[in-house]
Amino acid sequence: MRTAHPRTGPGPVGGPDALVKEDRPLDRAAARQAVAALIAALGVPAGGEVARRTPERVVAGLAELLDRPGFEFTTFPNTAEQHDLVLVRAIPFTSVCAHHLLPFSGVAHVGVLPGHRLVGLSKLARAVAWCAAGLQVQEELGQQVARFVEERMGARGVGVVLVAEHACMNRRGVRALGAETVTVAARGALADDPAARDEFLRLTGVAA
Ligand SMILES: [Zn+2]
Numbered sequence: 002m003r004t005a006h007p008r009t010g011p012g013p014v015g016g017p018d019a020l021v022k023e024d025r026p027l028d029r030a031a032a033r034q035a036v037a038a039l040i041a042a043l044g045v046p047a048g049g050e051v052a053r054r055t056p057e058r059v060v061a062g063l064a065e066l067l068d069r070p071g072f073e074f075t076t077f078p079n080t081a082e083q084h085d086l087v088l089v090r091a092i093p094f095t096s097v098c099a100h101h102l103l104p105f106s107g108v109a110h111v112g113v114l115p116g117h118r119l120v121g122l123s124k125l126a127r128a129v130a131w132c133a134a135g136l137q138v139q140e141e142l143g144q145q146v147a148r149f150v151e152e153r154m155g156a157r158g159v160g161v162v163l164v165a166e167h168a169c170m171n172r173r174g175v176r177a178l179g180a181e182t183v184t185v186a187a188r189g190a191l192a193d194d195p196a197a198r199d200e201f202l203r204l205t206g207v208a209a
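Shown next, in the form of structure tokens:
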């Protein structure tokens, strides 16, 4: 099976100047007005001094969850000839559910089968944080991280396991307190090579 996935991967990409950046416009005044209108529309009585700045705080909190600070996804030549799995486990993340505008949070396990290039390990955690800063569902987030890492590293394979609790499911609706959602996003050899996929899932703790 491994012969189907040459160790060279799709070729060198990224590099030391692979700055990841995205400016998202934020109209704070309009957002504050909208939050104030929402609170009023929900029939919540206008608060006194304590609640006066609530719209501002809500906007600041959401803006922080959605903010994507730029970073360099630093890669370097694979002179170590590391062709086996590199796995960073238990990267904490928080994202915002696109269906309910409520947070979901947990940990990400990101595994890579390197091609021509290796990546600074902390950059895998940065990639998770960068992708998590947005409105999305968990399935999208996992696929987004996997694509992000695969494209920028030219990796032979990438696997992303997310284990998360969703406020929209734990605190409302079915109120399944403590229920965890596990998603797997695998690309390249970690999707196609059963032995590589098994090793990855075993080391993440998802498979026995
Ligand atoms: Zn939700």
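Letter by letter, the sequence shown follows residues 2 to 209 of this note's numbering.
Cβ coordinates follow ideal geometry from the N, Cα and C atoms, glycine included.
- Residue 115 carries a coil assignment under DSSP once its states are collapsed to helix, strand and coil.
- Within the stretch 69-140, the beta strand (DSSP E) runs of at least 3 residues that lie entirely inside it are, in chain order, 76-78, 87-98, 104-114, 118-120.
- Distance from the Cα of residue 114 is smallest, within the candidate group 127, 142, 45, 187, for 187.
- In this structure, the C-beta of residue 163 stays at least 7 Å away from each heavy atom of ligand 1.
- Rounded to whole angstroms, residue 119 and residue 180 show a C-alpha spacing of 35 Å.
- A straight line joining the alpha-carbon of residue 163 with that of residue 203 spans about 14 Å.
- By the neighbour-count criterion, in which a residue is buried when 16 or more other Cβ atoms sit within 10 angstroms of its Cβ, residue 133 is buried.
- The closest CA to that of residue 73, considering only 206, 142, 126, 27, is found on 126.
- When secondary structure is reduced to three states using DSSP, residue 143 falls in the helix class.
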